[in-house]
Amino acid sequence: MREKDIFSKPLILWYLKNRRDLPWRKSRDPYRIWLSEIILQQTRIAQGTEYYEKFTTEFDTVFELAAASEEQVLKLWQGLGYYSRARNLHETARHLAERLNGKFPENYPGLVQLKGVGDYTASAIASIAFELPHATVDGNVYRVLSRFFGISTPIDTSQGIREFKSLAQELLDTDQPGNHNQAVMELGALVCTPKRPKCETCPLQEHCYAHLAKQTDLLPVKKGKTKVRKRYFNYLVLDSSEGLTRIKKRTGRDIWKHLYEFPLIESSESVADFESIENHVVQEFDLGKNYGLKKFNSETVVHKLSHQELHMDFWLIRTDEKLAQTTAWKDLENHALPVPLQNFVDKYKGDS
DNA sequence: AATCCGGGGAT
DNA sequence: ATCCCAGGATT
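Last residue of the first sequence: 1086 (this note's numbering), numbering continuous.
Take a look at the structure:
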C-alpha cells in the first residue's frame, strides 16, 4: 500500500517520538481507557485531565464506580459540562459490574451497545485497549484527513461522516491500530491545529494537499452555524437565620438536567422588576412580610453556553422564619451545581 | 438530517 | 467575538 508509506508510517514514527505523556497512556486497563474517552468527549485534554485524576483516585476499578451514588458521580463531574455523560458513565459502570462481571466487551459491537459509547468511543477502546482494527474519527481526524487529501465534503453531514470514517478505516495500520489512531489525533492536536497549523514540523507536509495548495485555512469544511438563544434567569436565594437555603433538582428537557439550583424564575425578557420578584418570593416560600429582599449582584451575570446565553440575577431573601424543604448551605458541597451557581455560592459565602 | 447538551481555552 | 474541543442521544 502506497498510502501507508506516505501517511501511516511517517505518522506513527512521528508519534512514537513526540507523544505526550498522558496519564491514561500509562495503562491498558479498558476501564481507564473508557473513562478517559468519556471524559474527553468534546473536551480538551487540559480540562479533562484533572477530572481523570479525580475519578481514578476516587474509583480505582469499575466496581468502585458502580458502588458510588449518582449524586456523588455528578458532584465529581461538576464543572465538566455535558452532564448526561456522567449519568451514562455511572449507569454503564453498574451494567458492567452487575451484568458483565466487571469485564468490558472485547469487540466493537459489544462496546458500542454501552450507554454513552458511540462509534468514536467504541473504536477508541477497541483499538487502544484491545488492538482491534477500528478507526477513530474525532475532530482531529477530520482536520488531518480533510487537509492531507484535500477533501471538502462538509464534516457535519451524514455524507461527510460516512466518507471520513471509510477513509480512516482504509488508512488504518491494522498491525498497530492503537498507535495509529492516537497518532492521527495527536498530530491534529499538536501540529495540524485549527488555526495556524505548524506545517514546518509536520511529518506529512511533503504530500499534504492543503499545505502544498496553501489551503489549510479552508479545510475542513463545516456547514452549520449554531445560533444562540438568550435567556433570563432570576434566582431566588433563601438565606434563613438558621443557615438554611432552598434548592431544587432540575428536570425536563433542558440544560443542567439532574443538577441543583435555587428556585428559578425565568422571564422572556431582561426584566428585573422588583415587584414581580417579590410576588414570586411570597409564592415560592409562603412568606408574609417578615423577610428582606435585595438583589445580590450589581451587574447581571452573563454565562455563555454553546447554544445559549444566560443572563442571571440573584435575589437574596433573608428571613427568621422556619421553612420546609430547605438545605443547609454547608450541604451544598454534596450537590452538583452548574458552574455559575457554584460561582455565586463561593462569592456569597466568601462575603458572609 | 437537525438539534441539543457545557465549559473553557486559543485566536 | 468566534471557533472548537479524543461526541452521543434524541427528535
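Beta carbons are placed, not taken as given, at the ideal position from N, Cα and C, and that holds for glycine. Note that the coordinates shown come from a computational prediction; the quantities given were computed from them, not determined experimentally.
Check whether residue i and residue j have beta carbons under 8 Å apart
i, j, result
"Y969", "E995", "yes"
"N1077", "T1053", "no"
"L745", "L921", "yes"
"Q1042", "I989", "yes"
"L848", "T870", "no"
"P928", "L993", "no"
"F810", "E792", "The amino acid at residue 810 is misidentified as Phe; the sequence shows Leu. Cβ distance < 8 Å, so L810 and E792 count as in contact."
"E805", "N1068", "yes"
"F741", "L938", "yes"
"N841", "L866", "yes"
"L769", "T795", "no"
"T950", "R881", "yes"
"K1029", "D1047", "yes"
"P757", "E787", "yes"
"S1010", "H1045", "no"
"A802", "N874", "no"
Pairwise C-alpha distance: residue j and residue i
i, j, result
"V955", "V925", "19 Å"
"Y765", "D853", "17 Å"
"N677", "L808", "Since the first and last residues shown for the chain are 735 and 1086, residue 677 lies out of range."
"L978", "K1038", "29 Å"
"A800", "N915", "29 Å"
"Q775", "I859", "13 Å"
"K1079", "N1031", "According to the sequence shown, residue 1079 is Val rather than Lys. So the alpha carbons of these two residues sit roughly 12 Å apart."
"H945", "L1075", "45 Å"
"L952", "A917", "23 Å"
"I889", "E904", "18 Å"
"Y785", "I767", "14 Å"
"S818", "G850", "8 Å"
"D872", "I1051", "47 Å"
"G782", "I773", "6 Å"
"G898", "Y943", "Note that residue 898 corresponds to Phe in the displayed sequence, not to Gly. C-alpha separation (whole angstroms): 16 Å."
"L856", "I862", "Before going on, a small fix: residue 856 reads as Ala here, not Leu. One C-alpha to the other measures close to 10 Å."
"T777", "T887", "24 Å"
"A1070", "E934", "45 Å"
"S1002", "S974", "29 Å"
"A780", "G1026", "44 Å"
"V971", "L1021", "14 Å"
"K760", "V962", "40 Å"
"T891", "R987", "25 Å"
"V878", "L845", "26 Å"
"K982", "W1049", "16 Å"
"R753", "G894", "28 Å"
"L1065", "S1040", "Sequence inspection shows Asp at residue 1065; the Leu mentioned does not correspond to that position. When rounded, the distance between both Cα atoms is 30 Å."
"H824", "Y816", "14 Å"
"L901", "R828", "35 Å"
"K957", "K932", "25 Å"
"E1055", "R762", "57 Å"
"E940", "D909", "24 Å"
"E771", "Q1017", "45 Å"
One or two residues paired with residue i in a DSSP bridge
i, result
"G1026", "R1052"
"H1037", "L1044"
"T1061", "T979"
Whole-number beta carbon distance between residue j and residue i, since they are thought to touch under 8 Å
i, j, result
"A831", "F883", "About 43 Å; that fails the 8 Å criterion."
"H868", "P839", "With 8 Å as the limit, H868 and P839 do not qualify as a contact, their Cβ atoms being about 13 Å apart."
"P997", "R984", "Not confirmed; about 11 Å, so no contact."
"F1019", "L1057", "6 Å"
"K1083", "W1063", "6 Å"
Inside the segment 955-1011 only - beta strand (DSSP E) runs reaching at least 3 residues: 963-974 and 998-1001
Unbroken stretches of the alpha helix (DSSP H), 4 residues or longer, contained in the segment 928-952: 943-946
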